[in-house]
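To start, the structure under review is shown below, and the notes come after it.
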Amino acid sequence: MNDTINLLMNHRSIRKYKNEPVTDEQLNTIIAAAQMASSSSNVQAYSVIAVTDPGLKNELASRAGNQAYIQECPVFLVWCADLYRLREAAASEAAGEETYEDTTENYTVATIDVALAAQNAAIAAESLGLGIVYIGGIRNQIAEVAELLGLPELVSPVFGMCLGVPDQEPLLRPRLPLPAVLHKNGYDHEETMVQVKEYDKTLSSYMQERSSGKQTATWSEMMAKRLTQPARLQLKPFLEDKGFMKR
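Below, the structure written as structure tokens:
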């Protein structure tokens, strides 16, 4: 495997960071690399807020499950779907025509753009010796987060990302077997479930090793727990209030 593949195959989520800064040069390089991700029709429907102020990081952490690494990392990135810039840029050219920035399709485009750009940033950061962890908890109190960051209409947080110099080297978390996710010429339901059963064994062993025998949950057990608990039901009305997904 080449260096790029090796980097990708060794990704780990980092939750402990050294008390060392991320330089402006590093941050600018990472975001410039993020900007080169593929973007639907070149709309580039995302913005990223780099948070370095300790007080603001504390406020965000308290609204994202009190995850200490948000406070401890030198830079916390909040990745946002951004159709505000698109609408404002088009306003002077649309000549009074109706615009459709509020469709579900455009929100889908924006969230895909955010994810592609953020993953470019993650790879760039790791290539520079830095570490990251994604923070979905930023959506726990999404309205409060948007207010803290001064986000206008049609801009919404999608996820956060801690960024810093790693102070740990956690075990690689095993993924689903390749045949569970790679289907050829059609979806293979039976093979998928065979592979899930195998993965249950693999992940349970990993959890035991990671927790010194305290956890033994399988992937299926974890997913059952996830799907039987309502999560972030405030998200849809918040997005509609922000001007997204009205049609």
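FYI, in full-length UniProt numbering the residues of the sequence shown are 1 to 247. We treat Cβ as the ideally placed atom computed from N, Cα and C, and that holds for glycine.
**Message:** Does the segment 143-155 come into contact with the segment 166-174, if we say contact requires no fewer than three beta-carbon pairs (one atom in each stretch) closer than 8 Å?
**Reply:** no
**Endpoints, the alpha helix (DSSP H) within which D24 is located** = Here the question's residue 24 lines up with position 24 in the sequence shown. D24 to Q35 is the span of the alpha helix (DSSP H), which, as asked, contains D24.
**Item:** Span of the alpha helix (DSSP H) around D3
**Value:** Stepping through the sequence shown from its first residue, residue 3 is reached at position 3. Start and end: D3 to M9.
**Message:** I need the straight-line Cα distance from L178 to S156, nearest angstrom please.
**Reply:** Taking the sequence shown and counting its residues from 1, one reaches residue 178 at position 178. Taking the sequence shown and counting its residues from 1, one reaches residue 156 at position 156. Taking the straight line from one Cα to the other gives about 33 Å.
**Prompt:** Within 10 angstroms of its Cβ, does residue 249 collect 16 or more other Cβ (buried), or is it exposed?
**Reply:** No statement about residue 249 is possible, as the shown extent of the chain runs from 1 to 247 and does not include it.
**Prompt:** What's the gap between the Cα of D200 and the Cα of E105?
**Reply:** Stepping through the sequence shown from its first residue, residue 200 is reached at position 200. Stepping through the sequence shown from its first residue, residue 105 is reached at position 105. When rounded, the distance between both Cα atoms is 35 Å.
**Counted within 10 angstroms of its Cβ, other Cβ atoms place K57 as buried (16 or more) or exposed** = Position 57 of the sequence shown, counted from the start, is the residue given in the question as residue 57. Looking at its Cβ environment, which holds 16 or more other Cβ atoms inside 10 Å, K57 is buried.
**Prompt:** Of the choices P74, V114 and V158, whose alpha-carbon is the least far from that of Q26?
**Reply:** To locate residue 26, count along the sequence shown from 1; it is residue 26. For Q26, the nearest C-alpha among the options comes from P74.
**Asked** For A81, which three-state DSSP category applies?
**Response** The residue you call residue 81 lines up with position 81 of the sequence shown. If DSSP states are grouped into helix, strand and coil, A81 belongs with the strands.
**Request:** Output yes or no for whether 8 Å exceeds the beta carbon distance between L154 and G243.
**Result:** Here the question's residue 154 lines up with position 154 in the sequence shown. Here the question's residue 243 lines up with position 243 in the sequence shown. Yes, these two residues count as a Cβ contact at 8 Å.
**Asked** Are there three or more Cβ pairs, one per stretch, closer than 8 Å when the segment 60-78 is compared with the segment 131-139?
**Response** yes
**Item:** Whole-angstrom distance between I112 and A34, CA atom to CA atom
**Value:** Within the sequence shown, residue 34 is the residue found at index 34, counting from 1. Within the sequence shown, residue 112 is the residue found at index 112, counting from 1. Distance between the alpha carbons of A34 and I112 is about 13 Å.
**Message:** If the criterion is Cβ atoms closer than 8 Å, does the pair T99 and R87 meet it?
**Reply:** Taking the first residue of the sequence shown as position 1, residue 99 is located at position 99. Taking the first residue of the sequence shown as position 1, residue 87 is located at position 87. Cβ distance < 8 Å, so T99 and R87 count as in contact.
**Message:** Restricting to Cα atoms, I'd like to know which of S38, N42 and P21 is closest to T52.
**Reply:** One-based indexing of the sequence shown puts residue 52 at position 52. Of the candidates S38, N42 and P21, the one whose C-alpha sits nearest the C-alpha of T52 is P21.
**Message:** Quick check on the DSSP output: what are the complete alpha helix (DSSP H) runs of length 4 or more inside the segment 206-230, in order along the chain?
**Reply:** 219-227
**Prompt:** Are G96 and I14 touching if we call contact CB-CB under 8 Å?
**Reply:** The count along the sequence shown starts at 1 and reaches residue 96 at position 96. The count along the sequence shown starts at 1 and reaches residue 14 at position 14. Not a contact, by the Cβ cut-off of 8 Å.
**Message:** Out of L172, M223 and D188, which one is the CA nearest neighbour of E209?
**Reply:** For this step, residue 209 is matched to residue 209 along the sequence shown. Nearest C-alpha to E209: L172.
**Prompt:** Which residues does DSSP pair with F244 in a beta bridge?
**Reply:** By 1-based counting over the sequence shown, the position of residue 244 is 244. Answer is none; F244 lacks a bridge partner.
**Asked** Given A217, which residues of its chain have a CB within under 7 Å of its CB, disregarding the five upstream and five downstream residues?
**Response** The count along the sequence shown starts at 1 and reaches residue 217 at position 217. Here the set comprises S204 and M207.
**In chain order, each alpha helix (DSSP H) run of at least 4 residues that lies wholly inside the segment 46-94** = 54-62, 68-72 and 84-91
**Exposure label - M1; buried when at least 16 CB within 10 Å** = As a working note, residue 1 is residue 1 in the sequence shown. With fewer than 16 Cβ atoms within 10 Å of its Cβ, M1 is classed as exposed.
**Asked** Is Y17 near G164, with beta carbons less than 8 Å apart?
**Response** Here residue 17 refers to the residue found at position 17 of the sequence shown. Here residue 164 refers to the residue found at position 164 of the sequence shown. Yes, they are a contact pair.
**Request:** For the beta strand (DSSP E) containing V155, list its first residue and its last residue.
**Result:** Taking the first residue of the sequence shown as 1, we reach residue 155 at position 155. From DSSP, the beta strand (DSSP E) with V155 extends over V155 to G164.
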